[in-house]
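Chemist:
Residue numbers (our numbering): 29 to 450.
1. Using only the alpha-carbon positions, how far apart do residue 236 and residue 65 sit?
2. Could you have a look at residue 422 and say whether DSSP puts it in helix, strand or coil?
3. How far does the beta strand (DSSP E) with residue 442 in it extend, from its first residue to its last?
4. Would DSSP call residue 450 helix, strand or coil?
5. Can you give me the Cβ contacts of residue 361 inside the same chain, cut-off strictly under 8 Å, excluding the 5 residues immediately before and after it?
6. Determine the direct distance from the alpha carbon of residue 115 to that of residue 409, and round the result to whole angstroms.
7. The alpha helix (DSSP H) spanning residue 73 covers which residue range?
8. Per DSSP, what kind of secondary structure is residue 437 in: helix, strand or coil?
9. Is it buried or exposed for residue 423, if we count other Cβ within 10 angstroms and need 16 for buried?
10. Report the partner residues of residue 59 according to the DSSP bridge assignment.
11. Measuring alpha carbon to alpha carbon, tell me which of 284, 346, 195, 396 ends up nearest residue 111.
12. Can you pull the DSSP bridge partners for residue 137?
13. Which residue or residues does DSSP assign as beta-bridge partners of residue 338?
14. Below 9 Å between beta carbons: does that hold for residue 326 and residue 317?
15. With DSSP as the reference, identify every bridge partner of residue 23, one or two as the case may be.
16. To the nearest angstrom, how far is it from the Cα of residue 198 to the Cα of residue 309?
17. Pick from 335, 436, 427, 287: whose alpha carbon is nearest that of residue 49?
18. For a test of the three-state rule: what should DSSP assign to residue 205, helix, strand or coil?
19. Per DSSP, what kind of secondary structure is residue 143 in: helix, strand or coil?
20. Please tell me whether residue 19 and residue 33 are closer than 9 Å, where the distance is taken between their beta carbons.
21. Look up residue 321 in the DSSP assignment and say whether it is helix, strand or coil.
22. Counting beta carbon pairs with one atom in the region 253-263 and one in the region 221-234, are three or more of them shorter than 8 Å?
23. Please classify residue 158: does DSSP put it in a helix, a strand, or coil?
24. Looking at C-alpha atoms only, which residue of 345, 85, 128, 400 is the closest neighbour of residue 187?
25. Can you confirm whether the region 168-180 touches the region 211-220 when touching is taken to mean that 3 or more C-beta pairs between the two stretches lie within less than 8 Å?
26. Under 9 Å between the Cβ atoms of residue 125 and residue 162?
27. Would you mind reading off the limits of the alpha helix (DSSP H) that contains residue 164?
28. In this structure, does DSSP put residue 188 in helix, strand or coil?
29. With DSSP as the reference, label residue 364 as helix, strand or coil.
30. May I ask you to verify whether the region 141-158 touches the region 269-281, counting CB pairs closer than 8 Å and requiring at least 3?
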């Protein structure tokens with residue numbers, strides 16, 4: 029879908045605000061968007077034999093073409109993310125992210141300094157995530173960093189191009205994938221020797237992503253290093269892409285709503301994260317990174333409880349950008365309220381049928397605990413150190429662009445100024 033944000037807003041104005049589902053037809057398939065609490069709960073409860081998140085993700089990302097067939101259905105990465113990439117692990121990656129920020133950011137003094145926020149955050153998150161997955165030395169290697177960012181940058185656009193291309197002509201998309209293929213070859217050049225040395229015992233076991241993937245291979249099964257590297261690439265890309273965009277959205281809200289900065293500073297200094305969690309939730313509610321949450325591929329024809337019928341192959345999900353702004357769920361839903369979730373005590377990672385940035389139900393993002401822990405550590409450092417604002421040329425909170433199901437924050441310079449502690 030192109031112009032997906034405007035299409036969904038139009039559907040919400042005609043149907044969604046009345047809790048009615050609506051359909052958006054794309055050349056590839058029909059997309060059914062449900063908006064009522066009852067249908068959202070019903071979709072959450074459907075087993076994967078009827079409505080499958082993993083089959084939808086394989087189809088969306090074209091893992092058969094970009095990684096290997098059935099990556100999401102095989103789900104080798106899911107137990108690793110759930111067991112290893114925890115909130116505590118994300119917080120432990122905080123120092124790596126802060127060190128990367130200090131190294132890569134321009135020198136910030138008591139005068140306002142312009143920062144290309146989206147680009148810098150992407151580099152910082154990439155280094156922090158890769159420190160966990162492959163170790164600090166490789167994470168800081170300029171060639172490895174460039175290759176991983178190149179791959180992650182092309183993953184979603186290539187999938188979208190394949191999705192729009194009739195299957196007899198899909199080979200033509202390969203002509204646009206040369207940069208991505210070069211990136212994969214470069215990453216394999218770095219990582220194949222690492223996997224092989226670790227597997228043979230030539231290098232010691234280390235608590236990192238390489239070891240987790242090697243340990244996932246059943247005893248007696250040959251180790252296919254390139255296959256494991258493709259799983260690692262998927263984990264990297266998912267973590268870097270989503271975390272970068274989410275944290276950039278948060279920074280924009282922190283800068284635009286400057287009145288919240290003293291409150292957050294006092295709360296963080298006191299060790300109270302309730303307001304921090306609330307502001308992260310509020311930022312994600314109003315400016316998420318997906319237009320179409322809780323996505324499922326219908327594996328069989330199905331009739332919902334309200335009589336809505338869907339065919340096998342249809343994608344069904346929830347338009348979070350619309351549901352998050354319904355008055356039945358939130359007072360003054362278009363208004364940014366920093367303390368909206370303080371009274372309820374909802375943590376940033378908590379999901380519900382009316383808060384969907386992480387998805388909801390059994391298929392909610394398993395990496396959200398790690399991502400939230402990492403983002404909050406970096407945000408707390410910004411809160412302690414800096415005043416943050418936009419230049420006079422920025423007249424409104426930076427907007428978003430959409431392509432397919434993805435939302436991309438605008439690339440805007442943000443002003444940082446070292447705080448005077450006196």
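Just so it is clear, CB atoms sit at the ideal spot from N, CA and C, and this is done for glycine as well.
Every value quoted in this text rests on a predicted model; they were computed, and no experiment measured them.
Modeler: With the given structure in hand:
1. Whole-angstrom Cα-Cα distance: 40 Å.
2. coil
3. 441-446
4. In this prediction, residue 450 scores a pLDDT of 49, lower than 50, which makes its location untrustworthy; the coordinate-derived value is nonetheless stated afterwards. Coil.
5. 352, 353, 354, 355
6. 17 Å
7. 65-73
8. strand
9. exposed
10. 52, 343
11. 396
12. In DSSP, residue 137 forms no bridge with anything.
13. 330
14. no
15. This structure leaves residue 23 out entirely; the chain is present only between 29 and 450.
16. 39 Å
17. 335
18. coil
19. strand
20. What the structure shows of the chain is the stretch from 29 to 450, and residue 19 is not part of that stretch, so it cannot be assessed.
21. strand
22. yes
23. Note: residue 158 maps to helix in three-state DSSP.
24. Closest by alpha carbon: 85.
25. yes
26. Going by C-beta atoms, residue 125 is not nearer than 9 Å to residue 162.
27. 164-167
28. helix
29. Coil at residue 364, not helix or strand.
30. The region 141-158, when compared against the region 269-281, does touch it at the 8 Å Cβ threshold.
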